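In this text, residue positions in the sequence shown follow this note's numbering: the first is 26, and each later residue adds one.
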Amino acid sequence: MGMDVGGSNKVNSDINVTPFCDVVLVLLIIFMVVTPMLQKGVPVNLPNSRNPEVQPDADKESSLIVAVPQEGRYYLSGKEPIPFESLREGLYENYQRNAQKPVFIKASRNLPFSEVKKVLKAVQDTGFKKVALLSQQVDEKGNIVTGNAASSMAK
Numbered sequence: 026m027g028m029d030v031g032g033s034n035k036v037n038s039d040i041n042v043t044p045f046c047d048v049v050l051v052l053l054i055i056f057m058v059v060t061p062m063l064q065k066g067v068p069v070n071l072p073n074s075r076n077p078e079v080q081p082d083a084d085k086e087s088s089l090i091v092a093v094p095q096e097g098r099y100y101l102s103g104k105e106p107i108p109f110e111s112l113r114e115g116l117y118e119n120y121q122r123n124a125q126k127p128v129f130i131k132a133s134r135n136l137p138f139s140e141v142k143k144v145l146k147a148v149q150d151t152g153f154k155k156v157a158l159l160s161q162q163v164d165e166k167g168n169i170v171t172g173n174a175a176s177s178m179a180k
């Protein structure tokens, strides 16, 4: 009935991964909580699409985004609502600076298409050639696949 006290001089080469897993899980939770807060602009209930073409430029700070969360409310790359005539003027000013820049339209899924058509007409009248209607990608079951906006680009 004896104990081995400090007996062998073997090196313990086992790595304890439990603390590493704890840190990784905490970081994962932090990223999951913070990522939705990082989305720029006005929150809009985007329409769903199954096979969109992802538009990585839609999330950039320098992107030109027209948001229409509800009928009669327009936002041009900002958090303050502007009247429709100011939207036209803002689009024209942006066109004068960079005519090749794409315009991304974030229109609510509940918005009448006549309102979307009005915005598309304003963008077209300004002279922009690249326009994208943004949506959120969903799988076959209707679950959101990506948090990033995705759409088709009309050239």
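Backbone N, C-alpha and C fix where the C-beta goes; we use that ideal spot for every residue, glycine too. Bear in mind the structure is a predicted one, so any value in this text is a computation, not a measurement.
Taking the Cα of residue 106 as reference, the smallest distance to any Cα among 119, 139, 34 and 91 is reached at 91.
Straight across, the Cα-Cα distance linking residue 154 with residue 68 is about 25 Å.
Between the C-alpha atoms of residue 75 and residue 37 there is a straight-line separation of about 52 Å. In the structure shown, residue 78 falls within a strand segment according to DSSP collapsed to helix, strand and coil.
Put simply, the backbone Cα of residue 136 is about 15 Å away from that of residue 109.
Here residue 102 is not near residue 152, since their CB atoms are 9 Å or more apart. In the three-state reduction of the DSSP assignment, residue 87 falls in the coil class. At the C-beta level, residue 129 and residue 156 come within 9 Å of one another. By the criterion of a C-beta distance shorter than 8 Å, residue 163 is surrounded in its chain by 73, 74, 75, 169 and 170, once the five residues flanking it on both sides are discounted. Counted as a single uninterrupted DSSP element, the stretch harbouring residue 155 is not any alpha helix (DSSP H), since DSSP gives it neither H nor E.
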